[in-house]
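S.K.:
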Amino acid sequence: MRWSDFPKWGTWLGDWAARYHAGLRDRPVRARTKPGEIAAQLPQSPPEEPQPLDDVIADFERIVMPGMTHWQHPRFFAYFPSNAAPAAVLADQIVTVMAPQCMLWQTSPAATEMETRMMDWLRQAIALPEAFQGVIQDSASSATLAAMLTLRERALGWQGNEAGLSGQPRLRVYASAEVHTSIDRAIWVSGIGQENLVRIPTTGPLRAMDTEALDAAIRADLAAGYRPAGIIACTGGTGTGACDDIAATCDVAEKHGLFTHVDAAWAGAAMIVPEFRSLWAAVERADSVVLNPHKWLGTQFDLSAHFVKSPEDLTRTLAIQPEYLKTHGADGVINYSEWSVPLGRRFRALKLWFLIRAYGLTGLRTRIRNHVAWSAALCERLRATPGFEIVTEPVLSLFTFRHAPEGTRDTDAHNLALVNAINDDGRIYLTQTRVNGALVIRFQAGQFDATEADVATAFDVITEIAATLKE
Ligand SMILES: *Cc1c(COP(=O)(O)O)cnc(C)c1O
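Anchor point for the sequence shown: position 79 equals 92 in this note's numbering, and the numbering is continuous, going up by one each time.
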C-alpha cells in the first residue's frame, strides 16, 4: 500500500466507522470467543510476499471482529468507560498520519504549546486553581508512578535517584484499601516496597480513610523510626467509587509535611460539573492530582491529565539531559518528556482540543449529568424490585447491587452466575467486585452515546435473567 492508495482506504474507513457505530446495539457487548480461538486462525509464520490489502481487510472482518469486546457499545456498563468521541478519533487520525514524536518543544512546537494550553483549559474546566500546572501522561498508572517517585525524592532530600535506596531511611506511604492497584505497582517500581504501603481503614458511606487512624499510623511510624513520605487519596475508587475526605486528609498531610497525590482517574472527568465537585472538596490543597480524559470524557486511550503544584519537584525527579537532548538556544520552553518516565510522547493534546471544541463544555457536562441521573434511576428501580438489594449507593454513576431472593443458599455463587448469564446474553455488559468480602455486581453508566433507553434496557435484562436463574 502506498500513500496514493490512501484516499480509497481512508474512505472505506470513514464508512466502516459510521456503520460500526450505527450497528453497535445489534452486537453482543462482550466477545463470545473462547481462549485460543482467534490465535488458531492466525498463520504461525509471517508472509514473505506482499498481500493485497483487500485480503487483509477481509481477514480482519472475519478473524478479528468476532474477538472484540465493544467498549464503545452504548450498553457497556462494565469497569469504567473508555470513550472515543468521533471528533477526538478524527484528531488522533490526523496525528497518526504525521506521527510526530513530541518529546521536546523543538520536535514539534505546536504539540508542546497545545498541551500547555489544553491542560490549562482542562484545569479551568474542573476548577483547579492556577497554582496547578498540567502534563499529559500516557495513563493514570504513569502519573501515579511519577507522583510516587517525586514524593520519594522529596522525602529523601533528592538522594534516591543518585544514591539508591539502600542505607536510606525507610519511607512510608499511606492509602486505604480502596485505591487502585496502580498505587501498589508504583510502590514496587519506586523501590519503596509493598511493606511500606500502610493501609488505613475506611469509614462512612463513601468509604473514606479514617483520618484519625491515618494520623495515628503516621505518629506510630515516626516513633518507630520510619520516615513518612506521602499519602495517596482517591476520589472515585475503582471498586465502588470510594472517596476520601480530601480536606481532612490534607489536614493530616500538612501537619506532618507529607506529599498528597489524589487519584481521580475515573471521577475526575465529572468535576467539569460544578455540583459534583463536593466529592473532592479541598483538592486545591493536594500536591498532585490525576484524572483520565480517556475514561469518561471522550478522548480515547491514551490521555491522562496529571496536575502538579510543583513542576520543579517533578522535573527535578525525572528530567535527564544527555547532550543529544539539549535544546540549545531554546531556553524557557517546556520539554514535557522531563515531566514523565517515558521519553517519547505522542501529540495527544490535539484530541482534547477537537473534543472540547466539538462538544463544548456544556455538551460534555450534559452527558455526565445524564449518566449520573440515569444510573440513579436504575438504582431506585432495582431497590424497589423484590429480591434485589443495593449494596453501595451511587457515587456519580457507579453503584453496586446483589440479587438475593429469599432462600438463596450461596449468594456469592448466585450473583456470579447472574453476572455471567447477563454477559453471555450480550445485550449489556456488567462486572463484579467485592464489598466486605461479598461478591456484588457493579453498574456504571458512562458511554458517550448511551441513551436513557439503554440504561432502562439494563433493568429489563437484569430482572429478566435473574428471574430465570435457578438457584
Ligand atoms: C482506571 C483507573 C486507574 C488506572 O488508569 P490507567 O490510565 O489505565 O493507568 C487508576 N486509578 C483509578 C481510580 C482508575 O479508575
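Note that the Cβ used here is the ideal one computed from N, Cα and C, for glycine as well. Quick caveat, the model's predicted, so the values are computed rather than measured.
Measure the Cβ-Cβ separation of SER195 and THR157 and say whether it is below 8 Å.
M.R.: Yes, the pair counts as a contact, with Cβ atoms nearer than the cut-off.
S.K.: Do you know how far the Cα of PRO418 is from the Cα of HIS427?
M.R.: If I take the Cα positions, the gap works out to 10 Å.
S.K.: Suppose you measure from the CA of ASP105 to the CA of GLN150; what does that come to, to the nearest Å?
M.R.: Approximately 16 Å, taken between the alpha carbons.
S.K.: Return the Cβ separation of ALA52 and PRO79 in integer angstroms, given the expectation that the two are a contact with Cβ distance under 8 Å.
M.R.: At roughly 13 Å, the Cβ-Cβ gap does not stay under 8 Å, so ALA52 and PRO79 are not in contact.
S.K.: Quick check on PHE73: buried or exposed, where buried means 16 or more other Cβ atoms within 10 Å of its Cβ?
M.R.: It is exposed - the Cβ of PHE73 has fewer than 16 other Cβ atoms within 10 Å.
S.K.: Quick one: is SER17 buried, meaning 16 or more other Cβ sit within 10 Å of its Cβ, or exposed?
M.R.: Counting Cβ neighbours within 10 Å, SER17 comes out exposed, since fewer than 16 surround it.
S.K.: Around the Cβ of ASP423, are there at least 16 other Cβ atoms within 10 angstroms (buried) or fewer (exposed)?
M.R.: Exposed is the call here.
S.K.: In whole angstroms, give me the CA-to-CA distance for HIS83 and VAL192.
M.R.: Their backbone Cα atoms lie some 26 Å apart in a straight line.
S.K.: Suppose contacts are defined by Cβ-Cβ distances below 8 Å. Is GLN146 in contact with PHE320 by that definition?
M.R.: Yes; because the gap between Cβ atoms is below 8 Å, this pair is in contact.
S.K.: Quick one: is the Cβ of GLN433 within less than 7 Å of any heavy atom of ligand 1?
M.R.: Just to set this straight, residue 433 is Asn in the shown sequence, not Gln. Checking every heavy atom of ligand 1 against the Cβ of ASN433, none is found closer than 7 Å.
S.K.: Using the C-alpha atoms, what's the distance from PRO142 back to PRO324?
M.R.: Between PRO324 and PRO142, the C-alpha separation is close to 15 Å.
S.K.: Are the beta-carbon atoms of GLY249 and ALA299 separated by less than 8 Å?
M.R.: Not in contact: GLY249 and ALA299 (Cβ atoms no closer than 8 Å).
S.K.: Going straight from the alpha carbon of LEU66 to that of PRO48, what length do you get?
M.R.: Between LEU66 and PRO48, the C-alpha separation is close to 27 Å.
S.K.: So, are the CB atoms of ARG380 and PHE472 less than 8 Å apart?
M.R.: Contact: no.
S.K.: Does DSSP classify ARG415 as helix, strand or coil?
M.R.: Three-state DSSP puts ARG415 in a strand.
S.K.: May I have a chain-ordered list of the alpha helix (DSSP H) segments no shorter than 4 residues that lie completely inside the segment 159-239?
M.R.: With a minimum length of 4 residues, the continuous alpha helix (DSSP H) runs that stay inside the segment 159-239 are 173-176, 194-202, 224-236.
S.K.: Measuring only from the beta carbon, is PHE93 closer than 7 Å to any heavy atom that is part of ligand 1?
M.R.: Under cutoff, so the answer is yes.
S.K.: Does ligand 1 have a heavy atom nearer than 7 Å to the CB of CYS247?
M.R.: Yes, ligand 1 has a heavy atom inside 7 Å of this Cβ.
S.K.: With distances taken between CB atoms, is the gap from ILE435 to ILE478 smaller than 8 Å?
M.R.: Contact: yes.
S.K.: Between the alpha carbons of ALA362 and ILE244, how many angstroms are there, rounded?
M.R.: Cα-Cα distance, rounded: 29 Å.
S.K.: Nearest to PRO94 by alpha carbon, out of ASN433, PHE314, PHE360?
M.R.: The shortest Cα separation from PRO94 among ASN433, PHE314, PHE360 belongs to PHE314.
S.K.: With a 10 Å radius around its C-beta and 16 neighbouring C-beta atoms as the bar for buried, classify MET14 as buried or exposed.
M.R.: MET14 comes out exposed.
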